[in-house]
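Undergrad: Quick note: the sequence shown uses this note's numbering, first residue 568, plus one each step. Idealized CB from N, CA, C, for every residue including glycine. I'd like to ask you about the structure that follows.
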Amino acid sequence: MCCGIISISSSLIVNEAKDYRDFLPKFTMAFSGLMSVQSLKLVLLPIVLYFIYVYLLKPALHFVQQVIHYHGFPCYPRNFLFGHLLLFWTNFPFPFNVESFQRKFYEETNKMAAHDQDQSVTVCWRSLMPTIIPVSPDAVEVIMNKKSVKKLFFYKFMGLGNGLIASEPALWKVRRKLIEPFFSTKKIKGYAKHMDQEVKSFTQQLNTETGKPVDLEDQIHSSTLNIILKSAISIPLDDSIEDKKTFTELINEGESNLVRRSLNPLCYIDWVAKFTKFGRYYFETCDSLEKVLKKMLNRRKQLLSSTSHESENQDFILLLEGKVDEQGSLDELITMIGAGHETTAVGLRWILFNLGHHPDVQERLYQEICQFFPDDTPVDDMDEINQCNYLDQCIKESLRLNPPVHVFIRELEEDVMVKDKRLLKGSTVLVSCPIIHRNPNVYPDPEKYDPDRWTPENASKIPKAAYIPFGYGPRSCIGYRYALLELKIYTIQIIRKFSLRATRKRESIPIKFEVTLKPCLPLEIIVTPRNNN
Ligand code: HEM
568 MCCGIISISS SLIVNEAKDY RDFLPKFTMA FSGLMSVQSL KLVLLPIVLY
618 FIYVYLLKPA LHFVQQVIHY HGFPCYPRNF LFGHLLLFWT NFPFPFNVES
668 FQRKFYEETN KMAAHDQDQS VTVCWRSLMP TIIPVSPDAV EVIMNKKSVK
718 KLFFYKFMGL GNGLIASEPA LWKVRRKLIE PFFSTKKIKG YAKHMDQEVK
768 SFTQQLNTET GKPVDLEDQI HSSTLNIILK SAISIPLDDS IEDKKTFTEL
818 INEGESNLVR RSLNPLCYID WVAKFTKFGR YYFETCDSLE KVLKKMLNRR
868 KQLLSSTSHE SENQDFILLL EGKVDEQGSL DELITMIGAG HETTAVGLRW
918 ILFNLGHHPD VQERLYQEIC QFFPDDTPVD DMDEINQCNY LDQCIKESLR
968 LNPPVHVFIR ELEEDVMVKD KRLLKGSTVL VSCPIIHRNP NVYPDPEKYD
1018 PDRWTPENAS KIPKAAYIPF GYGPRSCIGY RYALLELKIY TIQIIRKFSL
1068 RATRKRESIP IKFEVTLKPC LPLEIIVTPR NNN
C-alpha cells in the first residue's frame, strides 16, 4: 500500500522536480540583494503557492478525479484498499521477491483481461492507482492513435538515455525522421548480405550442438548482436568478440535493472537513487555500457582509417554525424543496438521452439525453403525471401503467441473515447500483446500454434490492431522490416540444414514480466542434421 502511494506521488512529481530545483535558489539569490526581507516574502509567497498548486495540488486533484472516474469501470475482483496489488505481491507485507512479482503480474493481468474479455478495456488497480488495459482491437486502435506518443517515465529507466524508445514527443519527432532513412528499402536489401554471412557461420556452429537438448540463448544473442553492430557501426562480424560479450551481459543486466527500478519508488529520482546500493549499481551499469560502446566506436575509427578496411558507405553513425551531438548519438546508438539485437534474438528462440513442437509445420516449411533456396544457395535476396509465404506465416504466428516485446505503456495526452467509455487525459495505459493476441473473438483456439491463420484469406479477417508484435501507431517499431528479414534468414538457413524437436511443453514454461518476453525456463530443443547437411 505504502509502496503504491509513494509510487503515485513520485510518478507525478518526478519529471517536474528537476525543472525548478536549479531555478529557485538562483532566483532567490538574485532578488535578496535588491529587496527587504518583508517585500521578499511578499514576492515569494505567490511563487511558492504557484509551485504548491502546480506540483502538489493539481496532481493530487487529478489523481482523485481518476480514482472516482475509473471506479465504475469493469475490473477483476479487487480489494478496496490494495486493489489488485496483493495478487502480485503474494507475501505482503514483507518485501516482495522481484522474480515472483514479475511472473504473477504477467499471469494475473492475463486473467483480468479474460475476465473482461467482452469489454473494450479493463482496469488494473495498483492500490488506488488505476492502469487501463485495452482488451479489444478497437480499444488499441483508438488509444495508440497518431496523437499517442508520450511514453511513461518508466522508459527512462531502460538506460537508453534520450534515444528513440524513451524520448519525449518533441525530440522524438525530429529524431524519428532523421533515423528513418537507415531503414529504407534499399538499405535493408543491402543488410541482407552480412545477415546471410553471419547466419551461415551460426548454422555451422550448430553442428557442435546436435543430438542433445540445448537452449541456444547465448549463441543466438551474440549472433544477432554481430549483425546489428555490423549494420550500425561497421564492426566486422568476427571482430571485438570480448567487448560484444560484455555488451550483451550489460544489456541483460540493464533489462532487469529497469524492472527493479520501476518497482522501487525510492529510486525514481536520480539523485535519490544514487544514495541506495541498487541505485549506485544501476548507474554503474549504464556507465559501463557507454564505456564499452565508446570503445567499439574507437575501434570503428581505427578500422575505417586503416587501408585494409573498406568503409561502409552509410552506417548509422554517418547518418547522425553533424546532425546530433555526441551524447545524442550515443543514446540513439545504444537504443538501436539494444532494441535491434535483443528483441530479434528472443523472437528467434521462440520461433525455433514453436517449430520444434510441430514436425508437420516444419516439413511443409522445409519443402518451401528447398524450392526457393536449395542446398547452399545464398539467402540474401530480400525479394526472393519474401516470396516464401509459408515462412512468413510461421514467423507471424510465433510472434503472435510469443511477442518478444509484450507490453507498451503510454500516458494519454488527451481524453479518448473507447466505445461509450471516456479515458481521461493523463491516464496510464498498458497495452499487452499477449492479451490482444489471445482474444478468442479474433483468434479461435488462441493457444494453438497455427500458421494457417495467416493465409491471405484468413488474414484479411483479422483487424489490424489485433496483431501488434511491433507496436501500433506512430511509435511502432522503426526496425520491423529489418527484424523480419533477419528472422527469415535465420529460419531458412536453420530449417534447411536441421530438424528441430522441442523437449518442454510450451504451456509448462512460466513467463516473467520484463521488457522482452522472457521464459523462466530454458527453451530447449534437440537439433538433428538433415541428410543433406
Ligand atoms: C522481432 C524483433 C522486434 C520486435 C518484436 C520489436 C518490437 C518493437 C515494439 C513493440 C516497439 C514499440 C514499443 C512501444 O510502443 O513502446 C518497438 C520500437 C522500436 N524498435 Fe523494435 N522490435 C524488433 C526489432 C527491432 C530492430 C531490429 C530494431 C533496430 C535495428 C528496432 C528498433 C526499435 C526502435 C528504435 C524503437 C522505438 C521506435 C520509436 O519510438 O519511434 N526494433 N519495437
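1. Exposed or buried, residue 778, counting other C-beta atoms within 10 Å across all chains shown (16 or more means buried)?
2. Taking the alpha helix (DSSP H) that residue 791 falls in, what are its first and last residues?
3. Under 7 Å Cβ to Cβ from residue 1025, same chain only, skipping five residues before and after it: list those, please.
4. So is the beta-carbon of residue 1032 under 7 Å away from any non-hydrogen atom of the ligand HEM?
5. Kindly indicate which three-state DSSP category residue 1101 falls into: helix, strand or coil?
6. For residue 735, tell me which candidate among 624, 723 and 668 has the shortest Cα-Cα distance.
7. Report the partner residues of residue 1093 according to the DSSP bridge assignment.
8. Mind checking which residues open and close the beta strand (DSSP E) that includes residue 999?
9. Cα separation between residue 733 and residue 760?
10. DSSP on residue 1083, reduced to helix/strand/coil?
11. Excluding the 5 residues flanking residue 1047 on each side, which residues of the same chain have their C-beta closer than 8 Å to its C-beta?
12. What would DSSP say about residue 956, mapped onto helix, strand or coil?
13. Keeping to the same chain, check which residues put their C-beta closer than 8 Å to that of residue 1052; ignore five residues upstream and five downstream.
14. Using a Cβ-based criterion (distance less than 7 Å to any ligand heavy atom), does residue 740 qualify as near the ligand HEM?
15. Between residue 907 and the ligand HEM, is there a pair consisting of the residue's CB and a ligand heavy atom that are separated by less than 7 Å?
16. Among all the DSSP beta bridges, which residues are the ones paired with residue 646?
17. With DSSP collapsed to three states, give me the class of residue 588.
18. Kindly indicate which residue of 843, 1061, 898 and 872 has the alpha-carbon position closest to the one of residue 854.
19. When the Cα of residue 753 is compared with those of 881, 943 and 997, which residue comes out closest?
20. Among the candidates 743, 980 and 934, whose CA atom is the shortest distance from the CA of residue 890?
21. Using DSSP with H/G/I as helix, E/B as strand and the rest coil, what is residue 1015?
22. Taking Cβ to Cβ, would you say residue 1087 is nearer than 8 Å to residue 1035?
23. Is DSSP giving residue 711 helix, strand or coil here?
24. Check each candidate in 814, 884 and 704 and name the one with the smallest Cα separation from residue 801.
25. Take residue 1068 and list the residues in its own chain whose beta-carbon comes closer than 6 Å to its own, dropping the five residues that flank it on each side.
26. For the candidate residues 746, 682 and 1059, whose alpha-carbon lies nearest to that of residue 1007?
27. Tell me the DSSP bridge mates of residue 984?
28. Which residue or residues does DSSP assign as beta-bridge partners of residue 845?
29. Between residue 904 and residue 787, how many whole angstroms is the CB-CB distance? I'm expecting something under 8 Å.
30. Is it the case that the CB of residue 732 approaches a heavy atom of the ligand HEM more closely than 7 Å?
31. Given this structure, state the Cα-to-Cα distance separating residue 770 from residue 687, to the nearest angstrom.
32. Go through the stretch 902-971 residue by residue and report every complete run of the beta strand (DSSP E) that reaches 3 residues or more, in order.
33. Please name the residue in 1002, 962, 1073 and 721 whose C-alpha comes closest to that of residue 1054.
34. To the nearest whole angstrom, what separates the beta carbons of residue 822 and residue 793, a pair I think is in contact under 8 Å?
35. Between 986, 980 and 984, which lies nearest to residue 995 when the distance is taken from Cα to Cα?
36. Closer than 7 Å to a non-hydrogen atom of the ligand HEM - does that hold for the CB of residue 808?
TA: So, from the data block:
1. exposed
2. 784-800
3. In the same chain as residue 1025, and ignoring 5 residues on each side of it, the C-beta atoms closer than 7 Å to its own belong to 1019, in chain order.
4. Checking the Cβ of residue 1032 against the ligand HEM gives no.
5. The structure shown does not extend to residue 1101, since the chain spans only 568 to 1100, so no value can be given for it.
6. 723
7. 780 and 1068
8. 995-999
9. Answer to the nearest angstrom: the Cα atoms are 31 Å apart.
10. strand
11. 1037
12. Of the three classes helix, strand and coil, the one that applies to residue 956 here is helix, per DSSP.
13. Taking C-beta separations shorter than 8 Å and ignoring five residues to either side along the sequence, the partners of residue 1052 in its chain run 755, 758, 759, 762, 949 and 952, following chain order.
14. Taking the Cβ of residue 740 as the reference point, every heavy atom of the ligand HEM lies at 7 Å or farther away.
15. yes
16. 650
17. The pLDDT assigned to residue 588 is 49, lower than 50, so where the model puts this residue is not dependable, and the model offers no usable value.
18. 898
19. 881
20. 743
21. coil
22. no
23. coil
24. 884
25. The residues are 923 and 1093.
26. 682
27. 989
28. DSSP output for residue 845 lists no bridge partner at all.
29. Not really, about 16 Å apart at Cβ, beyond 8 Å.
30. yes
31. 45 Å
32. As for any beta strand (DSSP E) of minimum length 3 sitting wholly inside the stretch 902-971, there is none.
33. Ranked by Cα distance from residue 1054, the first of 1002, 962, 1073 and 721 is 962.
34. Going by Cβ atoms, the distance from residue 822 to residue 793 rounds to 20 Å, so no, they are not a contact pair.
35. 980
36. No, the ligand HEM has no heavy atom inside 7 Å of this Cβ.
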